[in-house]
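Below: one structure, written as structure tokens.
Residue numbers (the working numbering), protein chains in the order written: chain A, 9 to 360; chain B, 11 to 297.
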């Protein structure tokens, strides 16, 4: 039962601005993902919520209470670290029990709650081991159990899956999502992996250079990115970003005209950048109505689909199509974006 | 056609590999034995003479195996006026020195490891330079000060100076020990409801035991072997090395051997008890 409100937080490290006037509200029981490249400030923001760092300006409120000056242990939150940060001198049982012992929970209840958390994470058989005797995946489970056993109102996770191998990461991703849904806690989850952000979060805050660029549901962030950076950071392949000239409810690109339903505040004649997802473009050998000619550069069969890299005039874009589409490099094909697939992103000079 | 020679060649290579491992291992053990001999031979010779009957000392050529066992020398040494007390004093001074340098050194080392503060680099540099001040120069002012404080000729006065001598290196050792403890362990402990001090006591210190044992060992042995300060600051209540220095030059050879042995043994005993902590890491080896 906890809502986190971050109000106009600024944080500097030795002169460099790590967080620049950041505000964000995480609703009660929401799974919020902080997503961004390394150095974007996402971990700093998490550490500020945890209380390991103090902001230079701004406030952090949990359930309406200003906790900016409250020490980490008294904020009613638990954290899972990227390195797991298990205590090597304690057995798994005592690692999980550590927080309960610090809160002077009685022996019987400690045993009951540690037992329950261990069962939930399927590590009951490991309770007598030392962390050094565990595999990476097992340590990860202990770290999560140590956080869950506190029944915290808020769980903070700092890239918890990044040290696992690919297959394990896939399993843990789904398992963590289910566990946190059942625990009904508010979760703030830091990652640089856009697939984790899309698959796990209720909402995603995309960050760059100490600012939050966009906060939205995964599908909105994916489908309606607010700017070029978000468009190109999320999705595999990233969204195609093209330049054109704005018309009346249409964009002119490389001498051809594409319809866009809305004007989005751009004036006719303005230079614009716009995005379109690789899977939102139909590709065909026949010239259709309003189709754009393009030349095939690279053909990559990816199993589930075929990824084409195409040249549209002087600009390049990627298109996903069916695996049975017969095409070779240097072929001429015709492109037709699906209706409503064009996203106006901004003016070219503003994006560099 | 080429498969057979290849197999032969690879088998030969494998054999060569196992053969090549052997000399390396031999060399390693050889070095270990040599170093051990280098350290133990003088101790053995001292022990040999210390436990031989008094007359055997002057045998020539000197036998390398005991010709007879006698505790006379050692008993004589230990019961010699003041020696037993000097031994106890040395142990007390060593213990106090360990206490002083760890109690003051751990927090200082922690501060160096975890915090940035103005003048940190200078502090570290000055710490090492404390050792460069010659004891000869400050010994008289120290003596005068201790007389004023009514501490002169006590175990405390020697321990305080020994503590000052060992403290800089203790601080640097503990700082490097704490640097190797990830800050995330402390943060994890703090997020689970303890204070920074609690996190240090419950997580950092238990995981620093090997390094702290090394620091304690260093402080104890330094204090145990220290002669100059002990001689200057004590008169009627000398530590063992001070007592030996005062008396050995005028004593018979047997007495010197017995004294040498008694000076060596406690340091060995201390190291013996510290050894498990030096090498034991949790979860591996040992238990």
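Heads up, the beta-carbon is just placed ideally off N, CA and C, and yes, glycines get one too.
Model, not experiment: these values are computed from the prediction.
Pick from the options that is closest to residue i, judged by C-alpha positions
i: residue 32 of chain A; options: A:129, A:131, A:77, A:220; result: A:220
i: residue 197 of chain A; options: A:210, A:119, A:190; result: A:210
i: residue 115 of chain B; options: B:217, B:261, B:184; result: B:184
i: residue 149 of chain A; options: A:84, A:172, A:29, A:345; result: A:172
i: residue 127 of chain A; options: A:153, A:115, A:303, A:141; result: A:153
i: residue 199 of chain A; options: A:189, A:192, A:187, A:212; result: A:212
i: residue 46 of chain A; options: A:294, A:182, A:215; result: A:215
i: residue 228 of chain A; options: A:249, A:205, A:181; result: A:205
i: residue 143 of chain B; options: B:49, B:121, B:171, B:105; result: B:171
i: residue 298 of chain A; options: A:137, A:188, A:344; result: A:344
i: residue 147 of chain A; options: A:192, A:274, A:95; result: A:95
i: residue 131 of chain B; options: B:42, B:105, B:182, B:88; result: B:182
i: residue 85 of chain A; options: A:156, A:39, A:134, A:66; result: A:156
i: residue 300 of chain A; options: A:57, A:319, A:129; result: A:319
i: residue 75 of chain A; options: A:42, A:13, A:111; result: A:13
i: residue 198 of chain B; options: A:271, A:168, A:92, A:121; result: A:92
i: residue 332 of chain A; options: A:22, A:295, A:291; result: A:291
i: residue 192 of chain A; options: A:36, A:17, A:70, A:16; result: A:36
Neighbour list for residue i in chain A, Cβ cutoff strictly below 8 angstroms
i: residue 223 of chain B; result: Within chain A, no residue comes near residue 223 of chain B; the closest Cβ sits about 14 angstroms away, beyond 8 angstroms.
i: residue 192 of chain B; result: 91, 93
Beta-ladder partner(s) of residue i, from DSSP
i: residue 19 of chain A; result: A:27
i: residue 220 of chain A; result: A:215
i: residue 240 of chain A; result: Paired residues: none, contrary to the question.
i: residue 197 of chain A; result: A:41, A:165
i: residue 292 of chain A; result: A:342
i: residue 309 of chain A; result: A:314
i: residue 32 of chain A; result: A:14
i: residue 69 of chain A; result: A:13, A:74
i: residue 266 of chain A; result: A:259
i: residue 280 of chain A; result: A:252
i: residue 303 of chain A; result: A:319, A:340
i: residue 351 of chain A; result: A:283
6 angstroms CB neighbourhood of residue i in its chain, flanking five on each side removed
i: residue 195 of chain B; result: 213
i: residue 218 of chain A; result: 25, 26, 27, 28, 49
i: residue 162 of chain A; result: 10, 85, 194
Chain-order list of residues whose beta-carbon lies under 8 angstroms from that of residue i (same chain, five-residue window excluded)
i: residue 20 of chain A; result: 26, 64
i: residue 268 of chain A; result: 257, 258, 259, 282, 350, 352
i: residue 337 of chain A; result: 304, 305, 306, 307
i: residue 239 of chain A; result: 233, 246, 247, 249, 283, 351, 353
i: residue 292 of chain B; result: With a pLDDT of 36 at residue 292 of chain B, under the threshold of 50, the modelled position of that residue is not reliable, and no figure is offered here.
i: residue 132 of chain A; result: 123, 126
i: residue 206 of chain B; result: 196, 200
Delimiting residues of the beta strand (DSSP E) encompassing residue i
i: residue 251 of chain A; result: 248–254
i: residue 329 of chain A; result: 323–329
i: residue 260 of chain A; result: 258–261
i: residue 317 of chain A; result: 314–320
i: residue 87 of chain A; result: 85–88
Limits of the unbroken alpha helix (DSSP H) element including residue i
i: residue 227 of chain B; result: 219–235
i: residue 172 of chain B; result: 165–189
i: residue 154 of chain B; result: 145–158
i: residue 188 of chain A; result: 174–191
i: residue 136 of chain B; result: 130–139
i: residue 120 of chain B; result: 93–124
i: residue 147 of chain A; result: 144–156
i: residue 361 of chain A; result: Look at the range of chain A in this structure, 9 to 360, and you will see that residue 361 of chain A is not part of it.
Contacts that residue i makes with chain B (C-beta to C-beta distance below 8 angstroms)
i: residue 129 of chain A; result: Neighbours of residue 129 of chain A on chain B: none; closest Cβ ~17 angstroms, over 8 angstroms.
i: residue 8 of chain A; result: Examination of residue 8 of chain A is not possible in this model, given that chain A is present from 9 through 360 alone.
i: residue 58 of chain A; result: 197, 201
i: residue 165 of chain A; result: What residue 165 of chain A touches in chain B: nothing, since even the nearest Cβ is about 12 angstroms away.
Chain A residues whose Cβ lies nearer than 7 angstroms to that of residue i
i: residue 186 of chain B; result: Chain A residues near residue 186 of chain B: none, gap ~18 angstroms exceeds 7 angstroms.
i: residue 167 of chain B; result: Near residue 167 of chain B there are no residues of chain A at all, since even the closest Cβ is about 38 angstroms away, more than 7 angstroms.
i: residue 216 of chain B; result: 97
i: residue 213 of chain B; result: 95
i: residue 123 of chain B; result: Near residue 123 of chain B there are no residues of chain A at all, since even the closest Cβ is about 17 angstroms away, more than 7 angstroms.
Closer than 6 angstroms: residue i CB and nearest the ligand MN heavy atom
i: residue 244 of chain B; result: Ligands in the displayed structure: none, and consequently the ligand MN is not present.
Residues near residue i in its chain [Cβ-Cβ closer than 7 angstroms; skip 5 each side]
i: residue 348 of chain A; result: 269
i: residue 237 of chain B; result: 251, 252, 255
i: residue 8 of chain A; result: Within the shown structure, residues of chain A are numbered from 9 to 360, placing residue 8 of chain A beyond reach of any answer.
i: residue 252 of chain A; result: 259, 260, 261, 280, 282
Under 9 angstroms by beta carbon: chain A residues contacting residue i
i: residue 205 of chain B; result: 79, 81
Partners in chain B for residue i, counting only beta-carbon separations shorter than 9 angstroms
i: residue 110 of chain A; result: 199, 202, 203, 204, 208, 212
i: residue 6 of chain A; result: Nothing can be reported for residue 6 of chain A, as the shown portion of chain A is limited to 9 through 360.
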